[in-house]
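Every letter in the sequence shown is one number past the one before it in numbering that gives the first Met the number 0, and letter 269, counting from 1, is 268.
Data first, discussion second: the structure below is written as C-alpha cells.
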Amino acid sequence: MIQILITGSKGQLGSELQTLAIRYPDWKFVFTDIDVLDITDLHSLESFCKGQRFSYIINCAAYTAVDKAENEQALALKINCDAVKNLVTIAAKSQATLIHVSTDYVFDGTSALPYTENQAINPQSAYGRTKAAGEQEALKYDRSIILRTAWLYSTFGNNFMKTMLRLGKEKNELRVVFDQIGSPTYAEDLALAILQIIDFTENQGVKSGIYHFSNEGVCSWYDFAWEILQFAKSNCKVLPIESKDYPTPAKRPAFSVFNKTKIKQTFQIEIPYWKTSLYKCLNKMPKTI
C-alpha cells in the first residue's frame with residue numbers, strides 16, 4: 000500500500016488534500032500538523048516515522064506571514080529551510096519521493112514574460128529568501144519534486160478571497176493594487192495536481208525537479224478583487240491603486256506569472272482557467288461569510 004505523509008495538513012492545501020483523500024481508498028494518508036509533529040525537530044520527526052515506510056512526503060508546511068518574516072527571519076528560515084532539510088533526511092532513508100511546495104516569491108518579479116523553471120531566482124524579501132533556501136535543500140535529494148505556486152486561496156484558512164468577501168460587506172469601497180500581476184491558484188486544483196503526480200509517479204517513475212503551477216490566465220489583484228465582489232453581488236466599490244500607495248514591510252513581486260508548460264506536458268495535467276476555479280470555490284463558501 001502507498002503510504003503518504005502530509006505536513007501542514009491544517010493549512011489551505013493540506014485541508015484540500017484531506018478532502019480529496021477519500022477518492023484514493025487504496026492509499027494510506029497520514030495527515031500531520033505542528034500539534035502532532037514538529038518537522039523542525041529532526042529527532043521528533045525520526046521518532047514519528049520510526050516503523051513506518053512512507054512512499055511520499057508532501058510538505059505543505061511553511062512560514063507564510065510574508066511581512067512578519069522581515070522581523071522573524073530566524074523562525075522563517077527554521078520552518079521554510081531547516082525543516083525541508085529534515086524531511087529530505089527522512090525521505091532518503093526509505094527512498095520516498097518528496098513533494099515540496101514553494102512560491103513565486105523566489106523571483107524578483109521584474110520579468111516581462113511568464114517565468115520558466117530554469118530562470119534564475121532573485122528573492123526580494125525574507126520570506127522569499129527562506130523559501131529559496133528550502134528549495135536548495137530539496138534539490139540536494141534526487142527524488143524531490145518542487146511545486147512553485149502563487150496567490151493561493153481556498154474555502155479553508157485565511158486568504159485574499161475571504162478577506163475581500165468580508166470587507167465587501169463591511170466597507171463602501173476598497174482600494175486594491177492593480178500593478179501587481181499574477182495568476183490566482185485554487186488550492187483544490189493544486190491538491191488534485193499533486194495527487195495526479197503521485198499516480199503518474201507510481202506508473203512511470205519519479206520526474207524530479209522544479210515545476211510551476213497556478214491556474215490559467217492572468218489578472219491583477221484589483222481584477223481578482225473585482226471578480227470576487229461581482230460574484231458576491233456586493234455594492235462595495237473597488238478602486239485601483241499603485242503599489243507605492245499601499246506600502247508593506249516586505250516587497251511583493253510585481254509580476255508573478257508562471258509558464259506551466261513543463262508540468263502540463265510531464266504529468267499530462269489540465270489546469271482550469273482562474274475564473275472557472277474562483278467561481279467553483281465561491282459557490283462552496285457559506286453564505287454567511
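Heads up, the beta-carbon is just placed ideally off N, CA and C, and yes, glycines get one too.
All values reported here derive from a predicted model rather than from experimental measurement.
Worksheet entry | E136, buried or exposed, once every other Cβ within 10 Å from all chains shown has been counted against 16 | Your numbering for residue 136 matches position 137 in the sequence shown. Classification for E136: buried.
* In chain order, each alpha helix (DSSP H) run of at least 4 residues that lies wholly inside the stretch 230–284 -> The stretch 230–284 contains these whole alpha helix (DSSP H) runs: 260–266, 273–283.
Q. Does the stretch 243–252 touch the stretch 132–148, meaning 3 or more C-beta pairs lie closer than 8 Å?
A. no
Less than 6 Å between C-beta atoms, sequence neighbours within five positions excluded: which residues of the same chain meet that for L1? Counted from its first residue, the sequence shown places residue 1 at position 2. Sequence check: residue 1 is Ile here, not Leu. Residues W26, S54 of the same chain have their beta carbon placed closer than 6 Å to that of I1, with the five preceding and five following residues left out of the count.
(request) Tell me whether S46 is buried or exposed, calling it buried when 16 or more other Cβ atoms sit within 10 Å of its Cβ. (result) Here residue 46 is taken as the residue at index 47 of the sequence shown, counted from 1. Exposed, since its Cβ has fewer than 16 Cβ neighbours within 10 Å.
Closest to I227 by C-alpha separation, out of W273, S242, A68, E241, would be which residue?
Numbered from 1 along the sequence shown, position 228 holds the residue referred to as residue 227. It is W273 whose Cα lies nearest to the Cα of I227.
Which of the three DSSP states, helix, strand or coil, is assigned to N289?
Outside the displayed span of the chain (0 to 288) sits residue 289, for which this structure offers no information.
Checklist line | Assumed close pair I78, Y62 - CB separation to whole angstroms, cut-off 8 Å | finding: The sequence position of residue 78 within the sequence shown is 79, counting from 1. The sequence position of residue 62 within the sequence shown is 63, counting from 1. Their Cβ separation, rounded to whole angstroms, is 4 Å, which keeps I78 and Y62 in contact under 8 Å.
Quiz item: Alpha carbon to alpha carbon, what distance is there between T265 and E116?
Solution: As a first step, residue 116 is located in the sequence shown; it is residue number 117 there, counting from the start. As a first step, residue 265 is located in the sequence shown; it is residue number 266 there, counting from the start. Spanning the two alpha carbons is a distance of roughly 13 Å.
At which residue ranges does the stretch 178–210 contain complete beta strand (DSSP E) runs of 3 or more residues, listed in the order of the chain?
-> none
Buried or exposed: which applies to V175, given that a residue is buried once 16 or more other Cβ atoms fall within 10 Å of its Cβ?
Counting from 1 along the sequence shown, the entry for residue 175 is found at position 176. Buried, by the Cβ-count rule.
- Item | Among Y114, Y104, Q229, the one whose alpha carbon lies nearest that of Y126 | Residue numbering aside, residue 126 sits at position 127 when the sequence shown is read from its first letter. Per the Cα distances, Y104.
Report task. Under 8 Å by Cβ, that's how I've got H99 and N58 pegged, so tell me the actual separation to the nearest angstrom. Result -> The residue given as residue 99 occupies position 100 in the sequence shown. The residue given as residue 58 occupies position 59 in the sequence shown. The pair is a contact, with the Cβ atoms about 5 Å apart (cut-off 8 Å).
- Query: If you draw a straight line from the alpha carbon of K236 to that of F257, how long is it in whole angstroms?
  - Reply: Numbered from its first residue, the sequence shown carries residue 236 at position 237. Numbered from its first residue, the sequence shown carries residue 257 at position 258. When rounded, the distance between both Cα atoms is 30 Å.
Rounded to whole angstroms, what is the Cα-Cα separation between C48 and A91?
Taking the sequence shown and counting its residues from 1, the one referred to as residue 48 is at position 49. Taking the sequence shown and counting its residues from 1, the one referred to as residue 91 is at position 92. About 12 Å.
First and last residue of the beta strand (DSSP E) that includes S153?
Counting from 1 along the sequence shown, the entry for residue 153 is found at position 154. From DSSP, S153 is part of no beta strand (DSSP E); its letter is neither H nor E.
Quick test of the definition: if touching needs 3 or more C-beta pairs under 8 Å, does the stretch 11–26 touch the stretch 186–205?
Flag = yes, the stretch 11–26 and the stretch 186–205 touch.
Problem set entry | Any non-hydrogen atom of the ligand FMN within 6 Å of F177 CB | For the ligand FMN, the structure offers nothing, since it holds no ligand at all.
Q. What is the rounded straight-line gap between the Cα of D34 and the Cα of T88?
A. For this step, residue 34 is matched to residue 35 along the sequence shown. For this step, residue 88 is matched to residue 89 along the sequence shown. Taking the straight line from one Cα to the other gives about 21 Å.
| message | Looking at H211: is its Cβ nearer than 7 Å to the Cβ of K259? | response | The residue given as residue 211 occupies position 212 in the sequence shown. The residue given as residue 259 occupies position 260 in the sequence shown. In contact: H211 and K259 (Cβ atoms closer than 7 Å).
* To do: Quick one: give me the first and last residue of the alpha helix (DSSP H) that V87 is part of.
  => Translated into positions along the sequence shown, residue 87 becomes position 88. Start and end: 82–93.
Run of the beta strand (DSSP E) containing R22, from where it starts to where it stops
As a first step, residue 22 is located in the sequence shown; it is residue number 23 there, counting from the start. Annotation for R22: no beta strand (DSSP E) segment contains it, and DSSP assigns it neither H nor E.
Assuming the contact rule is C-beta atoms closer than 8 Å, C80 and G133 should be a hit. Round their C-beta distance to whole Å, please.
One-based indexing of the sequence shown puts residue 80 at position 81. One-based indexing of the sequence shown puts residue 133 at position 134. Yes, they are in contact, since the Cβ atoms of C80 and G133 sit about 4 Å apart, within 8 Å.
Contacting residues, own chain, Cβ-Cβ under 6 Å from S101 (five flanking each side not counted): What you label residue 101 is simply residue 102 of the sequence shown in a count that begins at 1. Once the five neighbours on either side are set aside, the close Cβ partners of S101 are K130, E134, I145, R147.
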